[in-house]
Amino acid sequence: METVVPVLTLLLGVALGGGAAWLFLKGQMERAVQLARSEAQGEVSGLQAELRSRDGLIERLEGELKSARSARDAQQSRVAEMEAKVAELKAVLEKERERAQEQLKLLEEAQEKLGNAFKALSAEALRSNNESFLKLARETLAKYQESAKGDLEKRHQAIEAIVKPIEKSLSQVDAKLQAMEKERIDSYSALKENIRALAEANRELRTETKNLVTALRRPDVRGRWGEIQLKRVVEMAGMLEYCDFYQQQSVQTEEGVLRPDLLVRLPGGKTIVVDSKVPLTAFLEAIEAPDEATRLQKLRDHARQVKTHIQNLSRKSYFAQFEHAPEFVVLFLPGEIFFSAALEQSPDLIEMGVEQNVIIATPTTLIALLKAVAYGWTQERLAESAREVSQLGRELHRRLAQFGDHLAKLGKNLANATRAYNSAIGSLESRVFVTARKFSELHVVGADEELESLMPVEQSVRALQAPELRTVNDKQAEEDS
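The opening position of the sequence shown corresponds to residue 536 in my numbering, with each subsequent residue numbered one higher.
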């Protein structure tokens, strides 16, 4: 009995110690499990927040991809940035996988340590409780491990779902960049060929321009060129086919021979005198001037040359040598640039010409002037046609009157013939037929056929009703009365 009490006391102490240890270990395990669950939930929340931030990052990257298509260099830099971010995401995914594996490894190590601790602290009496606790712990850890594996797989799938469209977009961007590079090479080749052809054409143009400038420095060539330009202007204005102008006509005066380049004939016998001048010497020197000051000086010389031509034309008094000519002469400059360059240096050029009865004309203004003259000739021809129509109308009216007179006389003769016919019938019926019928009554041989009666003409001649012919009827009525 004495030995039983200590044993019972020992067993009771062991049981109490085991229960206390079990309660302590249970609390520690619950706290460990709760801590692990809290850490796992925190990590899951962090991963979800990181995934959301990754979603925003992916959206921003897609926007950057769209904006990057505007320039090839920007696209390449964006592609590099995206590839770096994809690599970073893959690295993060790998780190998350490694972290999960480490957590699983730690949980397994904790499980092993807890099992060893329970084996060391608990007695045989607590073996069943320890096994049930370990079983519960294993189940809890297995559930957490399965949940962690499922979350890890879901995160892996979500990241792959995000990365795959980016990889597809990167492939499309790369294909687009290759196509753009091919187009750039083709365009560069075509542009190079066009530049080469343009350079060749420019060299030919410079050669031809040099030849033209050299030729135009000769006075006879300049004069001939001005005459050709003048003729082309007349052709464009439509005056050539009407032959209303004369080129190079000479006029003998007391001061010598005047030779205008063009005489434009106006309706009514009037004439406009046109003289062509080509002031090219100073103008060409201005174009070839090495600096701005020289160019301005040559342009001022060009303006003075134009003024000299105006003064010379004014002294010739062309308009006084031609009958019915307006009191002005037209100075034709064969290029718009000649007039604009002179006008720029001498704004009073137009007023000076008007004061000296010289009108400056370029191809544009001379075409307008000749068009107006052509319109005047058209109106003159229309007026002439109207006069001819009026003359024909008067002649037609006169002939109609004569025809009405003849027709009235014919009607009068028809009426007289009708009256004579009716008188003859009356005389025949009352005098001749009465006697002739008595032969039949006397049974004269050959007088068996009955003489038919002749009917008088009752219809009268229709009088003329036209107003133009009433005078003829009235005249005829007066003659009848």
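Ideal Cβ positions, reconstructed from N, Cα and C, are used throughout, including at glycine.
When secondary structure is reduced to three states using DSSP, Lys766 falls in the helix class.
Between Ile845 and Gln891, the C-beta spacing is below 8 Å.
By the criterion of a C-beta distance shorter than 7 Å, Glu915 is surrounded in its chain by Pro802, once the five residues flanking it on both sides are discounted.
Bridge partners of Leu866 according to DSSP: Asp810, Ile895. Counting every other CB atom within 10 Å of its CB across the protein chains shown gives Tyr956 a total below 16, marking it as exposed. By the criterion of a C-beta distance shorter than 6 Å, Pro898 is surrounded in its chain by Val768, once the five residues flanking it on both sides are discounted. Going by beta carbons, Asp796 and Val864 fall outside the 8 Å limit. Cα atoms of Lys851 and Val808: separation of roughly 11 Å, rounded to the nearest angstrom. Within the DSSP secondary-structure output, Arg850 pairs in no beta bridge.
Residue state for Arg800 is assigned as strand, using DSSP reduced to three classes.
The criterion of a C-beta distance shorter than 8 Å is satisfied by Ala838 and Gln880. Judged by beta-carbon spacing, Thr806 lies within the 8 Å limit of His859, meaning their Cβ atoms are closer than that value.
Here the alpha carbons of Leu831 and Ile895 stand approximately 22 Å from one another. The C-beta of Met715 has fewer than 16 other C-beta atoms within 10 Å across all chains shown, which makes the residue exposed.
The beta-bridge partner set that DSSP reports for Lys805 consists of Leu801. The Cβ atoms of Pro814 and Gln840 lie closer than 8 Å to each other.
Sequence-distant Cβ neighbours of Lys717 in its own chain, meaning closer than 6 Å and more than five residues away, do not exist here. Ser722 carries a helical assignment under DSSP once its states are collapsed to helix, strand and coil. Per DSSP, the continuous alpha helix (DSSP H) segment holding Leu878 begins and ends at 871 to 880. Contact between Phe867 and Leu765 is confirmed by a C-beta separation of about 6 Å, below the 8 Å threshold.
DSSP places Met774 in no alpha helix (DSSP H); its state is neither H nor E. For Leu917, same chain residues with a beta-carbon under 7 Å away, outside a window of 5 residues either side, do not exist. For Phe818, the enclosing alpha helix (DSSP H) has its first and last residue at 816 to 822.
About 7 Å separates the beta carbons of Val908 and Met774, which is inside the 8 Å limit, making them a contact pair.
Looking at the backbone, the Cα of Arg835 and that of Met887 are separated by about 16 Å. Scanning its chain for C-beta atoms nearer than 8 Å, with the 5 sequence neighbours on each side dropped, one finds no residue around Asn729. Per DSSP, Glu886 is one residue of the alpha helix (DSSP H) stretching across 884 to 890. If you compare the alpha carbons of Ser920, Lys842, Lys906 with that of Pro882, the shortest gap goes to Lys842. Close CB contacts of Leu904 within its chain, under the 7 Å cut and outside five residues either way in sequence, are with Ala896 (chain order). In the three-state scheme derived from DSSP, where H, G and I count as helix and E and B as strand, Arg595 is classed as helix. In this structure, the beta-carbon distance from Pro869 to Gly758 does not fall below 8 Å. Ala877 counts as buried, since no fewer than 16 other beta carbons sit within 10 angstroms of its beta carbon. The DSSP-derived three-state label of Phe857 is coil. DSSP, reduced to helix, strand and coil, places Asp940 within a helical segment of the structure shown.
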